[in-house]
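Trainee: Got a structure here, written out as structure tokens. Questions coming.
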Amino acid sequence: MRRIIDITLAVSAQMPSWPGEPKLTASLLRDMDRGDSCTVSRIEGGVHTGTHLDAPRHFIKGRISVDELALDVLIGPARVVHFPDADAIDAAMLDTLALPAGTVRLLLKTRNSTLWNDPGYAFREDYVALTPDAAQWIVDRGIRLVGIDYLSVERFREPGHRTHKLLPGAGVVAVEGLDLRRAAPGNYDLYCLPLKLAGADGAPGARRLDR
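Start counting the sequence shown at 2; every next residue gets the next number (my numbering).
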């Protein structure tokens, strides 16, 4: 029997947001409890809220937007790997994985995942992310999608945003804010379905793993 794992964070006003970006807010435009004929909600927030992906134009001017991403990159076989003790993931650590040839989608589970146990916690600057040499390692091996269990694949205040430029510069899609708590290391089928926001630099959306 196939097992389906939802790796999408529940979106709420309590979840952390990137410093300087708007927190999610929700309000009711219509409410049956107030006598309206239906209930209609309104939400506001940045496109890099919660579980989301980055379009190349997020850090590289003139590159493609979310609605132009190829679905064959976002859907297909993926490998989940676990670095429970890492403070940052570098190329030497990725070398230890012995990934099968042809690996196209790589999801990184770290100690970040435990942070989601408290959805109301404040943003953490010490989250685990990729170093620039790890980003180059991913590019050199032909990986087309990389995901991580925090709001950025890049370390906080990385000089020059090198990781965030190396990956999309080579056509690698970054998926961020994954909830990998229930995902054991191994092979899965990934379904990464962002909102199709025309011209956008990123988008939230549903992610799931099948096994």
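Just so you know, even glycine gets a beta-carbon here, dropped at the ideal spot from N, CA and C.
Please read these numbers as outputs of a predicted model, since none were measured by experiment.
List the residues that DSSP assigns as beta-bridge partners of E1.
Mentor: Lying outside 2 to 212, the shown extent of the chain, residue 1 is not represented and no answer is given.
Trainee: Please return the same chain residues whose Cβ sits closer than 6 Å to the Cβ of Y192, not counting the five positions on each side in sequence.
Mentor: I76, R209
Trainee: Hey, could you find the ends of the alpha helix (DSSP H) T164 is sitting in?
Mentor: Start and end: 163–170.
Trainee: Looking only at its chain, what residues have a beta carbon closer than 7 Å to the beta carbon of I51, apart from the 5 residues adjacent to it on each side?
Mentor: The identity of residue 51 in the sequence shown is Gly, whereas the question assumes Ile. Beyond the five residues adjoining it in sequence on each side, G51 comes within less than 7 Å, by CB distance, of L10, V12, M16, G178, P205 in the same chain, given in chain order.
Trainee: Distance check for R80 and I1, CA to CA, integer angstroms please.
Mentor: Here the chain comprises residues numbered 2 to 212, so residue 1 is not present and cannot be evaluated.
Trainee: Below 8 Å, how does it come out for the segment 45–61 and the segment 164–181: are there three or more Cβ pairs, yes or no?
Mentor: yes
Trainee: Pull up the DSSP beta-bridge partners for H59, would you.
Mentor: The partner list for H59 (beta bridge, DSSP) is empty, contrary to what the question assumes.
Trainee: Pick out whichever of R64, R43, D34, R35 has its Cα sitting closest to the Cα of G172.
Mentor: R64
Trainee: Output needed for R142: all residues of its chain with C-beta closer than 8 Å, excluding positions within five of it in sequence on either side, in chain order.
Mentor: L100, T104
Trainee: Any heavy atom of the ligand NAP inside 7 Å of the beta-carbon of T40?
Mentor: Inclusion of the ligand NAP in the displayed structure is not the case, the ligand content being empty and no account of it being possible.
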